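Participant: Protein chains in written order, with my numbering: chain A, 13 to 521; chain B, 3 to 567.
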């Protein structure tokens with residue numbers, strides 16, 4: 013744990029002694045019969061007892077003195093106890109009165125026997141509990157009780173206490189204490205001696221000042237020569253330091269980037285805020301696709317977007333409407349059979365898939381062959397749970413060129429899986445509006461079973477041709493957060509957005 | 003994925019025999035359908051949105067028959083060629099502005115059978131699934147099923163004044179006027195806007211003027227309720243555009259044609275002209291597949307006859323054609339529109355193993371974006387200075403924005419919750435949240451993050467630009483402006499630039515203790531002491547110094563404009 017003082021020699025405070033502490037330590041070290049009681053040390057050294065006690069405690073905190081502590085117990089009679097010893101215990105006196113009165117005594121009669129009200133009550137209670145007195149008033153000796161003992165146990169203990177004896181019946185002592193006849197006094201006796209450190213601690217000769225901090229001035233002047241340094245209390249608390257560690261999710265993402273870079277992919281980025289043209293239209297997502305509704309995508313208030321360059325817009329619109337691209341005779345396909353709405357195309361939206369980054373990359377007409385990746389944040393209006401977040405990171409990748417086929421994509425999935433240590437994988441058919449064929453790579457998780465990790469496919473002609481790309485392009489969009497959960501042993505995707513400083517500093521698991 | 007619960011016995015009956023659980027699971031594991039659950043009576047199946055046909059007992063049985071080599075190619079479909087001329091729907095021009103598209107088809111039971119309970123139940127269930135998917139909640143398409151024997155064709159689809167429309171709603175027993183229907187009925191409340199405009203509503207009537215339905219809302223009970231025992235059904239679909247209308251009907255047909263029912267065309271007419279003879283609804287479409295395209299996408303040269311075998315296995319009708327194949331596609335496969343769609347069926351007709359993939363040798367040089375590398379460098383610098391590294395969300399809460407008086411981040415028009423209501427324009431907004439969530443950990447605290455923010459910019463294509471900021475917070479006794487300035491000074495020294503600090507007012511900071519930093523005249527950083535009102539509100543008991551560097555502005559100043567994305 014941070015904050016422990018051990019092992020912090022450079023930062024430890026010097027052992028600093030006040031004048032009285034120093035005097036007490038000197039006196040202790042000069043004493044032959046050790047350990048020594050405080051009173052005795054006070055009288056030897058002439059240090060006032062109060063001051064001596066304070067200094068000893070402070071020296072003890074600095075580990076310079078040690079103490080042996082002994083507890084002494086003394087029992088004394090209270091004034092009431094002394095009176096009972098002298099005139100008899102109330103119950104003895106009541107018994108005597110009863111005997112005097114022939115075994116019967118009225119309430120008034122008891123009062124005249126010198127018992128006050130408290131004594132009378134106590135005596136009556138004791139005698140009734142012991143079976144010598146019958147219930148009710150007037151008080152009567154119980155006939156069957158026999159003759160009272162000549163000496164009650166309480167009377168024995170009272171005498172023992174008065175004689176200073178130590179072997180006592182503790183139960184009776186307790187009863188007498190409760191009756192405030194006996195008082196127990198406990199005293200702590202402390203005997204002090206210097207500790208090994210206290211003996212070793214250099215104490216400057218009288219009048220010579222020990223050096224504290226080694227200052228540049230002392231170094232320059234040589235003033236440290238022939239003087240001793242005040243030692244440090246190496247156990248003293250030190251300042252609290254916090255380290256910084258790489259964020260584990262960010263670090264893992266970087267590792268994944270390394271893998272892609274190693275496979276020949278170059279990185280691209282795109283804006284977090286897109287128009288629907290780049291987020292959806294250019295990917296041949298129909299403008300009325302459910303994923304584009306306000307229930308699934310996040311739109312913005314108070315800002316307006318603009319349409320892309322007119323020639324690109326015209327080509328994408330033609331693909332959507334099933335018309336030939338400008339300058340061509342036949343359409344790519346039937347399109348979505350709907351009027352392409354420019355107002356929708358210009359609407360700003362928070363990026364829902366990094367495929368828009370791929371589209372922007374392709375729109376620059378990269379020279380084939382090309383490989384591109386993007387690892388960035390996306391946003392969907394999802395129900396938040398352990399596997400779904402509103403904000404999530406996707407790893408987008410494309411590879412294109414003459415001869416790029418679906419087999420390349422499957423091979424790339426395999427390479428990526430193996431790159432992060434996953435060996436077991438299977439491929440299933442899938443569906444995405446912008447790829448055909450579409451597949452999904454599943455990997456086996458030891459606890460979760462088969463989980464879908466690698467969705468991808470070959471980009472459709474309706475995507476590529478409007479962008480002016482003439483070569484086949486394989487594309488994927490990995491939900492990298494889910495993969496990170498597997499790799500980092502995280503059970504809730506929200507934990508990837510880590511902001512707990514104790515955990516970030518590695519102080520909590 | 004869309005899901006359906008199918009009757010196991012009905013699937014086996016249509017398949018011609020049962021499959022073991024393991025065989026069924028194995029076949030579906032390489033299909034676009036998935037077996038989510040099963041018991042003795044039912045199979046719970048989900049499918050990708052392009053293969054809704056697999057969510058019917060008939061469609062699944064057709065697929066399984068191909069996969070188990072019990073049948074191949076297009077299923078035999080009987081078409082009634084001598085359809086009566088009167089089987090037509092006359093479309094009134096009034097519908098054009100409201101819901102112009104309509105298609106219809108008649109299905110007839112085999113001579114020895116009538117509509118049974120299971121077929122009717124599946125048709126109604128699948129009709130609702132189509133409404134939710136292809137139909138986009140009836141906006142794009144909605145389907146009606148009617149007993150043709152109790153109707154008098156031709157039919158008329160029109161927009162007519164509600165005051166003249168009376169019918170018995172399918173779920174009612176008394177005749178009501180359309181005015182009352184639109185005012186009171188729950189279906190009208192939900193879908194009314196799709197079939198009503200200016201005191202007029204869409205209707206389909208037969209030749210006797212009997213109302214079949216008020217599309218796309220509800221059928222009439224008297225003329226629009228198909229029942230067990232019916233032999234002839236009229237299926238129609240209306241919508242905003244042709245494609246989903248035609249696709250929804252084509253998909254529904256699989257319920258009937260897979261059970262041996264026949265189809266007859268229903269012409270669509272407008273005035274004296276015929277818009278469609280109605281055959282396109284149920285006739286297989288022919289799509290050509292070039293062998294070169296297949297080779298290009300698959301990376302495989304299939305041996306002779308293999309492509310036909312695979313296509314026939316997935317119940318398509320291939321035949322050789324110059325340069326490739328001509329493939330007949332049934333109406334319940336609207337996912338196949340072009341030759342690349344056919345390629346998918348060829349390639350995925352049988353399982354793909356990871357081993358089938360090849361890792362292509364790289365002819366490209368992998369690299370990170372230089373700007374990203376620069377940003378990483380700054381993040382490493384912050385770590386080196388001992389700043390813990392949180393990873394925070396771009397979306398910030400309503401309360402996070404409200405606490406910084408004067409902050410103007412972009413608001414979400416449809417926030418999912420108050421927790422995710424704004425797009426941050428400064429890391430400051432996120433980092434105050436971090437401070438607020440860490441008050442239990444004691445002080446000193448210091449953390450820094452490099453992350454994206456979104457800043458409104460009217461000239462930008464999406465109305466805003468994405469920038470990357472490096473933000474730091476120092477919370478400790480006596481933290482102050484100089485601490486924040488020292489961090490920035492360190493970072494600027496690392497890239498060897500000359501900076502000028504100028505006083506300014508920044509939301510969230512103490513007036514007079516905030517500054518902007520310029521490099522070559524460009525504002526690239528802000529810093530200041532967080533206002534005590536904020537610290538008090540979030541429970542931070544020590545002063546906090548904040549600095550935020552706009553790396554997206556600084557980077558071009560260091561290397562020139564970035565031409566990349």
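Yeah, the Cβ is synthetic: ideal placement off N, Cα and C, and Gly gets one too.
Since the structure is predicted, the reported quantities are computational estimates derived from the model, not experimental observations.
With DSSP run on the structure shown, which of helix, strand or coil describes residue 12 of chain B?
Facilitator: helix
Participant: Report back the beta-carbon spacing between residue 264 of chain B and residue 109 of chain B to the nearest angstrom; my notes put them in contact at under 8 Å.
Facilitator: 7 Å
Participant: Please classify residue 117 of chain A: does DSSP put it in a helix, a strand, or coil?
Facilitator: Strand, per DSSP.
Participant: Return the chain-ordered list of same chain residues with a C-beta closer than 8 Å to the C-beta of residue 176 of chain B, the five sequence neighbours on each side being excluded.
Facilitator: So the qualifying residues of the chain are 170.
Participant: Would you please verify whether the beta carbon of residue 496 of chain B is less than 8 Å from any beta carbon of chain A?
Facilitator: Residue contact with chain A for residue 496 of chain B: absent (no Cβ-Cβ distance below 8 Å to any residue of chain A).
Participant: When the cut-off is 8 Å and only beta carbons count, does residue 488 of chain A lie next to chain B?
Facilitator: With 8 Å as the cut-off, residue 488 of chain A does not count as an interface residue toward chain B.
Participant: If you draw a straight line from the C-alpha of residue 369 of chain A to the C-alpha of residue 279 of chain A, how long is it?
Facilitator: 10 Å
Participant: Any beta carbon from chain B within less than 8 Å of residue 130 of chain A's own beta carbon?
Facilitator: no
Participant: Which stretch, first to last residue, makes up the alpha helix (DSSP H) that contains residue 57 of chain A?
Facilitator: 50 to 57
Participant: Do the CB positions of residue 415 of chain B and residue 330 of chain A come within less than 8 Å of each other?
Facilitator: no
Participant: Going by the DSSP bridge assignment, what does residue 221 of chain B pair with across the sheet?
Facilitator: B:215
Participant: Taking residue 101 of chain A as the reference, give the member of A:82, A:127, A:83 with the closest Cα.
Facilitator: A:127
Participant: Taking buried to mean at least 16 other C-beta atoms within 10 Å of its own C-beta, is residue 290 of chain A buried or exposed?
Facilitator: buried
Participant: Hey, could you find the ends of the alpha helix (DSSP H) residue 154 of chain A is sitting in?
Facilitator: Here residue 154 of chain A belongs to no alpha helix (DSSP H), and DSSP marks it neither H nor E.
Participant: Give the interface partners of residue 324 of chain A over in chain B, defined as CB-CB distance under 8 Å, in chain order.
Facilitator: Here the premise fails: no neighbours, minimum Cβ distance about 12 Å.
Participant: Using only CA atoms, which one of B:348, B:194, B:72, B:342 lies nearest to residue 16 of chain B?
Facilitator: B:72
Participant: For residue 252 of chain B, tell me which candidate among B:236, B:272, B:271, B:282 has the shortest Cα-Cα distance.
Facilitator: B:282
Participant: Mind listing, in chain order, the continuous beta strand (DSSP E) runs of no fewer than 3 residues lying wholly within the region 344 to 388 of chain B?
Facilitator: none
Participant: Check whether the region 268 to 279 of chain B and the region 120 to 136 of chain B are in contact - that is, three or more C-beta pairs closer than 8 Å.
Facilitator: no
Participant: Please confirm if the region 527 to 545 of chain B is in contact with the region 360 to 372 of chain B, defined as three or more CB-CB distances below 8 Å between the two stretches.
Facilitator: no
Participant: Can you tell me which of A:205, A:315, A:59, A:258 puts its alpha carbon nearest to the alpha carbon of residue 79 of chain A?
Facilitator: A:205
Participant: Could you run through the region 491 to 521 of chain A and flag, in chain order, every residue whose CB is less than 8 Å away from some CB of chain B?
Facilitator: Those would be 508, 509, 510, 511, 512, 513, 514, 516, 517, in chain order.
Participant: Starting from the C-beta of residue 297 of chain A, find all residues in its chain whose C-beta is less than 6 Å away, skip the five residues before and the five after it, and write them out in chain order.
Facilitator: Closer than 6 Å at Cβ, skipping near neighbours: 445.
Participant: I'd like to know whether the C-beta atoms of residue 477 of chain B and residue 513 of chain B end up nearer to each other than 8 Å.
Facilitator: no
Participant: Rounded to whole angstroms, how far is the Cβ of residue 232 of chain B from the Cβ of residue 58 of chain B, which I believe are closer than 8 Å?
Facilitator: Contact check for residue 232 of chain B and residue 58 of chain B: beta-carbon distance about 19 Å, past the 8 Å limit, so the pair fails to qualify.
Participant: Which runs of the beta strand (DSSP E) spanning at least 3 residues fall entirely within the region 363 to 392 of chain A, listed in chain order?
Facilitator: Residue ranges of uninterrupted beta strand (DSSP E) with 3 or more members, entirely inside the region 363 to 392 of chain A and ordered along the chain, are 382 to 391.
Participant: Find out if the Cβ-Cβ distance for the pair residue 404 of chain A, residue 489 of chain A is shorter than 8 Å.
Facilitator: no
Participant: Answer with yes or no whether the minimum CB distance from residue 271 of chain B to chain A is below 8 Å.
Facilitator: no
Participant: Assuming the contact rule is C-beta atoms closer than 8 Å, residue 387 of chain A and residue 509 of chain A should be a hit. Round their C-beta distance to whole Å, please.
Facilitator: Wrong, their Cβ atoms sit about 16 Å apart, outside the cutoff.
Participant: Counting only runs that start and end within the region 479 to 566 of chain B, where is the alpha helix (DSSP H) found for 4 or more residues in a row?
Facilitator: 483 to 497, 534 to 540, 553 to 561
Participant: Measuring alpha carbon to alpha carbon, tell me which residue in B:321, B:165, B:357, B:431 is nearest residue 201 of chain B.
Facilitator: B:165
Participant: How should residue 440 of chain B be labelled, buried or exposed, when 16 other C-beta atoms within 10 angstroms of its C-beta is the threshold for buried?
Facilitator: buried
Participant: Between which residues of its own chain and residue 323 of chain B is the CB-CB distance below 7 Å, once the five residues before and five after are set aside?
Facilitator: 290
Participant: Mark residue 157 of chain A as exposed unless 16 or more other C-beta atoms lie within 10 angstroms of its C-beta, in which case mark it buried.
Facilitator: exposed
Participant: Compare the C-beta of residue 310 of chain A against all C-beta atoms of chain B and say whether one is closer than 8 Å.
Facilitator: yes
Participant: Does residue 286 of chain A come out as helix, strand or coil in the three-state DSSP assignment?
Facilitator: strand
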